[in-house]
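Quick notes on the structure that follows.
Number of protein chains: 2
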Amino acid sequence: MTRVLVVEDDPRIAADVQRALAHAGYVVEVTGDGENAWFRGDTEDYAAIVLDLGLPRMDGLAILKRWRSSDRRTPVLILTARGSWAERVDGIDAGADDYLVKPFRMEELLARLRAIIRRSAGHASSMITAGEVTVDERHKQVSVRGVPVTLSPLEYRLLVYLLLHRGRVVSQQELAEHTYGPDEDHDSNALEVLIGRVRRKLGTPLIETRRGFGYFIPERTA
Amino acid sequence: MTRVLVVEDDPRIAADVQRALAHAGYVVEVTGDGENAWFRGDTEDYAAIVLDLGLPRMDGLAILKRWRSSDRRTPVLILTARGSWAERVDGIDAGADDYLVKPFRMEELLARLRAIIRRSAGHASSMITAGEVTVDERHKQVSVRGVPVTLSPLEYRLLVYLLLHRGRVVSQQELAEHTYGPDEDHDSNALEVLIGRVRRKLGTPLIETRRGFGYFIPERTA
DNA sequence: TGACCCATGTCAGCGACATGTCAGGCCCTC
DNA sequence: GAGGGCCTGACATGTCGCTGACATGGGTCA
Numbered sequence: 027m028t029r030v031l032v033v034e035d036d037p038r039i040a041a042d043v044q045r046a047l048a049h050a051g052y053v054v055e056v057t058g059d060g061e062n063a064w065f066r067g068d069t070e071d072y073a074a075i076v077l078d079l080g081l082p083r084m085d086g087l088a089i090l091k092r093w094r095s096s097d098r099r100t101p102v103l104i105l106t107a108r109g110s111w112a113e114r115v116d117g118i119d120a121g122a123d124d125y126l127v128k129p130f131r132m133e134e135l136l137a138r139l140r141a142i143i144r145r146s147a148g149h150a151s152s153m154i155t156a157g158e159v160t161v162d163e164r165h166k167q168v169s170v171r172g173v174p175v176t177l178s179p180l181e182y183r184l185l186v187y188l189l190l191h192r193g194r195v196v197s198q199q200e201l202a203e204h205t206y207g208p209d210e211d212h213d214s215n216a217l218e219v220l221i222g223r224v225r226r227k228l229g230t231p232l233i234e235t236r237r238g239f240g241y242f243i244p245e246r247t248a
Numbered sequence: 027m028t029r030v031l032v033v034e035d036d037p038r039i040a041a042d043v044q045r046a047l048a049h050a051g052y053v054v055e056v057t058g059d060g061e062n063a064w065f066r067g068d069t070e071d072y073a074a075i076v077l078d079l080g081l082p083r084m085d086g087l088a089i090l091k092r093w094r095s096s097d098r099r100t101p102v103l104i105l106t107a108r109g110s111w112a113e114r115v116d117g118i119d120a121g122a123d124d125y126l127v128k129p130f131r132m133e134e135l136l137a138r139l140r141a142i143i144r145r146s147a148g149h150a151s152s153m154i155t156a157g158e159v160t161v162d163e164r165h166k167q168v169s170v171r172g173v174p175v176t177l178s179p180l181e182y183r184l185l186v187y188l189l190l191h192r193g194r195v196v197s198q199q200e201l202a203e204h205t206y207g208p209d210e211d212h213d214s215n216a217l218e219v220l221i222g223r224v225r226r227k228l229g230t231p232l233i234e235t236r237r238g239f240g241y242f243i244p245e246r247t248a
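First to last, the protein sequences are chains A and B.
Here the working numbering is used: the first residue of the first sequence is 27, the next is one more, and so on.
Here the working numbering is used: the first residue of the second sequence is 27, the next is one more, and so on.
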């Protein structure tokens, strides 16, 4: 099963692409909204993302940069109306894996998509491990020393984000943004409570507190 | 000797397909007339049938349904100009074994034809099993511990999708998209009701709920 | 045509769980 | 040792998913 996210606000193109991809055997999800796209790309697990530049609400390049800066390495294929060289460079710089100018032939989209998925196949693993804790993205399940632990959606998202950024201190604000979504006000201590619950469920010291800076999961745990 | 019937009224396409199939070693018969196609499919014995929708005199889907309702199980590959999801679903529901959108590459037609012929040769590749539940995709039949269970079309589609993706958590949104088709409004709890009905009919715990994540069928069931 | 049947959607209520809020306590830091 | 950052338990509220009952609507058969 191969899931692909299509981010495109023109409904006609979106429908065409969706049909072609579905027919090629992908499981396709479509969104035309930038915020939504960013959030899904950040929290869900896709084999690849087809990203239109020029979206309402949030620019495609901005979304891509945010994914990359938070370490989501899902391969991204950019679509753009204009084919200017500068824009192409911007896209590649922002971390796109390939680039396609509209209008394009559907076969070409399919070919390029296959290519970037194949290329990325060597990297992606859906298991994340740190210390005694293992996260299985396919099952959305966490285990400690092999024993399954049930986390709620928010707890899960928080833990995965910290794990993806292990070896680095993650500030409360950053963590909140990636757990709850963007532009959520947070003056409360909900995040601290959440951290506490995750710690208790894991039952093993994993998430460290860096007083005044944020939270931290060590890179190598013996 | 492998006979294939091609039902296609566009003479150019018909000629192309005939040439390609003949070249691939099939014995090819062509007709562009719906009545005639139905009659031959009903009385002759083909390894497979390539069926264009949108024929004069008798609609392709209607032909297919008549064959199926009189128990002709010859594998059918549908051709259609439009690739709408609804149409695809209709085709599959009517008993088509596969589906191809025009324009298509001849290699793809050949590959899919080989696939449905091989599948129909009696191999179990169209059987899905998980735990005590078995689904025979060819005959669209579900049984639990060998006892047949009757599912409605929607229930069946939902179950098959979950089974095809067993070992992975499938979100409600994804499941709804593949059960009802894309761009359907989804504010109701119809999907939950459907899940409930499938569970009751199966009578055995198979579909697990991952609260907040989606539904899940385990990969290996003892 | 009318009487039924089946598939499906809708709704309301329930129970369980998820999450936010708050208050008090701990502990590090200066 | 005072203050602020962080933790934790208890509680309140919200949300999710399940279920039974009913409504609807398309098909079928006499």
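Glycine is no exception: its CB is placed at the ideal position from the N, C-alpha and C atoms.
For E55/B, name the three-state secondary structure that DSSP assigns. Translated into positions along the second sequence, residue 55/B becomes position 29. Three-state DSSP puts E55/B in a strand.
Relative to the C-alpha of R183/B, which residue among R194/B, V161/B and S197/B is closest? Along the second sequence, read from residue 1 onward, the residue named residue 183/B stands at position 157. Of the candidates R194/B, V161/B and S197/B, the one whose C-alpha sits nearest the C-alpha of R183/B is V161/B.
Within 10 angstroms of its Cβ, does K128/A collect 16 or more other Cβ (buried), or is it exposed? Residue numbering aside, residue 128/A sits at position 102 when the first sequence is read from its first letter. By the beta-carbon neighbour count (other beta carbons within 10 angstroms, threshold 16), K128/A is exposed.
Residue interval of the beta strand (DSSP E) (run including G240/A): As a position in the first sequence, residue 240/A is number 214, starting the count at 1. Note, G240/A: beta strand (DSSP E), G240 to F242.
Identified DSSP bridge partners for I104/B: Against the second sequence, residue 104/B aligns to sequence position 78. L77/B and Y125/B.
Taking the C-alpha atoms as reference points, what is the distance between H149/A and Q167/A? Residue numbering aside, residue 149/A sits at position 123 when the first sequence is read from its first letter. Residue numbering aside, residue 167/A sits at position 141 when the first sequence is read from its first letter. Because H149/A carries a pLDDT of 47, less than 50, the predicted location of this residue cannot be relied on, and the following value inherits that uncertainty. The alpha-carbon separation between H149/A and Q167/A amounts to approximately 21 Å.
DSSP state of D42/B mapped onto helix, strand, coil: As a working mapping, residue 42/B is identified with position 16 in the second sequence. Correct three-state label for D42/B: helix.
Span of the alpha helix (DSSP H), counted from its first residue to its last, around L31/B: Within the second sequence, residue 31/B is the residue found at index 5, counting from 1. Run containing L31/B: none in the alpha helix (DSSP H); it sits in the beta strand (DSSP E), R29 to V33.
Top-ranked residue by Cα proximity to L105/A, from D85/A, Y241/A and R98/A: Within the first sequence, numbered from 1, the residue matching residue 105/A stands at position 79. For the residues D85/A, Y241/A and R98/A, the minimum Cα distance to L105/A belongs to D85/A.
Compute the distance between the beta-carbons of R94/B and G121/B, then report whether it is under 8 Å. Looking up residue 94/B in the second sequence gives position 68. Looking up residue 121/B in the second sequence gives position 95. Yes, they are a contact pair.
Is S96/A close to chain B? Criterion is C-beta to C-beta, closer than 8 Å. Indexing the first sequence from 1 puts residue 96/A at position 70. Cβ-Cβ to chain B under 8 Å: no for S96/A.
Taking just the CA atoms, how far does V76/A sit from L31/A? Looking up residue 31/A in the first sequence gives position 5. Looking up residue 76/A in the first sequence gives position 50. Their backbone Cα atoms lie some 6 Å apart in a straight line.
Using a Cβ cut-off of 8 Å, pull out every chain A residue sitting near F65/B, in sequence order please. Reading the second sequence from its first residue, position 39 is the one you call residue 65/B. The premise fails here: F65/B is roughly 31 Å from chain A at the closest Cβ pair, so nothing lies under 8 Å.
Flag this pair as yes or no: are the beta carbons of A156/A and I221/A separated by less than 8 Å? Translated into the one-based positions of the first sequence, residue 156/A becomes position 130. Translated into the one-based positions of the first sequence, residue 221/A becomes position 195. Against a cut-off of 8 Å, the Cβ pair of I221/A and A156/A comes out as no contact.
Interface partners of V224/A on chain B, CB under 9 Å: Taking the first residue of the first sequence as 1, we reach residue 224/A at position 198. Close partners of V224/A in chain B (Cβ separation under 9 Å) are lacking, with about 15 Å as the shortest Cβ gap.
Under 8 Å, with one C-beta from each stretch per pair, do the stretch 183 to 194 of chain B and the stretch 221 to 236 of chain B reach the 3-pair mark? yes
Local Cβ density within 10 Å of V54/B, reported as buried at 16 or more and exposed below that: Locating residue 54/B in the second sequence gives position 28, counting from the first residue. A residue is called buried when at least 16 other Cβ atoms come within 10 angstroms of its Cβ; V54/B meets this threshold and is buried.
Given that a residue counts as buried once 16 or more other Cβ atoms are within 10 Å of its Cβ, and exposed if not, what is D78/A? Against the first sequence, residue 78/A aligns to sequence position 52. By the neighbour-count rule (16 or more Cβ atoms within 10 Å), D78/A is buried.
By Cβ distance, which residues of its chain are closer than 6 Å to T100/B, with the 5 residues on each side in sequence left out? On the second sequence, residue 100/B is found 74 positions in, with the first residue counted as 1. Within the same chain, T100/B has close Cβ partners Y72 and I75.
Buried or exposed, going by whether 16 or more other CB atoms sit within 10 Å of the CB of D256/A? Residue 256/A cannot be examined here, being either before or after the span of chain A that is shown, 27 to 248.
Starting from G193/B, find everything on chain A with Cβ-Cβ shorter than 7 Å and list it in chain order. On the second sequence, position 167 is the one that residue 193/B refers to. Here the neighbours are R164.
For the alpha helix (DSSP H) holding P231/B, just list the boundary residues, first then last. Here residue 231/B refers to the residue found at position 205 of the second sequence. It is not in any alpha helix (DSSP H) - P231/B carries neither H nor E in the DSSP assignment.
Give me the Cα-Cα distance between E203/A and G238/A, rounded to the nearest whole angstrom. Numbered from its first residue, the first sequence carries residue 203/A at position 177. Numbered from its first residue, the first sequence carries residue 238/A at position 212. Going from the Cα of E203/A to the Cα of G238/A covers about 18 Å.
Could you tell me how far apart the beta carbons of H165/A and V195/B are, in whole angstroms, since I believe they sit closer than 8 Å? Sequence index remark: in the first sequence, residue 165/A carries index 139 (1-based). Sequence index remark: in the second sequence, residue 195/B carries index 169 (1-based). 6 Å between Cβ atoms; contact.
Given that P179/A touches chain B, what residues does it touch there, using C-beta distances under 7 Å? Looking up residue 179/A in the first sequence gives position 153. By Cβ distance, chain B contributes G238 and F239.
Outcome for H49/A when other beta-carbon atoms lying within 10 angstroms are tallied against a minimum of 16: Taking the first residue of the first sequence as position 1, residue 49/A is located at position 23. Buried: at least 16 other Cβ atoms inside 10 Å.
Would you report the Cα separation of E245/B and I154/A, rounded to the nearest angstrom? For this step, residue 245/B is matched to residue 219 along the second sequence. For this step, residue 154/A is matched to residue 128 along the first sequence. Using only the alpha carbons, I get a separation of about 20 Å.
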